[in-house]
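See structure below.
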Amino acid sequence: SSAAFCVSLSAAFIALSDSVNLDFNHQGWLMFGESELELVNKWAFEGEKLIHGKPSGIDNTVSTFGNMIKFRSGALTRMKSNMQLKMLITNTKVGRNTKALVASVSERTLRHPDAMTAVFTAVDSISNKLATIIESPASDECAITEKEVLVEELMEMNQGLL
């Protein structure tokens, strides 16, 4: 993704600039602290703005810090997962134009405001439930399995709404 590229490029420039103190761990890997990651994320977001115009900041934040985030009305909140999630990410080799997709959603919202409000409400409900499940502790294997089933169901419903 363009965000992953911007994060990599920003991190490389910051590491080469000697403008921050970076530590090497015991295996010789360069380790960025929280303040350095914030700087990488800031510059990656600037790169995303050059590419996309008005990005949300979601992609570069996830690419910088990993894990998951909640996004609402321009506010990003990093989440702490209390369950291991096993995901398979594939490259479908189907190009996407985010700007065109966003414009299409905006157009549909103008043409069908009631229906799109219902879709957005459903997506919001699914997202909130998913966040609660992921952030809540699981007491035993049975609870973990139950949470996995719920996550799967919610992701399938969300995908259908998209």
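All letters in the sequence shown, in the order written, are residues 928 to 1089 by my numbering. Heads up, the beta-carbon is just placed ideally off N, CA and C, and yes, glycines get one too.
*May I ask which residues mark the beginning and end of the beta strand (DSSP E) holding F959?*
Here F959 belongs to no beta strand (DSSP E), and DSSP marks it neither H nor E.
*Keeping to the same chain, check which residues put their C-beta closer than 7 Å to that of T1004; ignore five residues upstream and five downstream.*
Cβ contact annotation for T1004 (same chain, cutoff 7 Å, sequence separation greater than five): I996, K997, in chain order.
*What residues match up with L1112 in a beta bridge as DSSP calls it?*
Given that the chain is displayed from residue 928 to residue 1089, the structure contains no residue 1112 and the question cannot be resolved.
*Determine the extent of the alpha helix (DSSP H) in which P982 is found, giving its start and end residues.*
That residue, P982, is in no alpha helix (DSSP H); it is neither H nor E in DSSP.
*First through last residue of the alpha helix (DSSP H) which encompasses A930*: Unbroken alpha helix (DSSP H) run through A930: 929-944.
*Over the uninterrupted alpha helix (DSSP H) stretch that includes K1074, give me the two end residues.*
For K1074, the uninterrupted alpha helix (DSSP H) segment begins and ends at 1068-1088.
_Burial state of F972, where buried means 16 or more other Cβ atoms lie within 10 Å_ = With at least 16 other beta carbons inside 10 angstroms of its own, F972 counts as buried.
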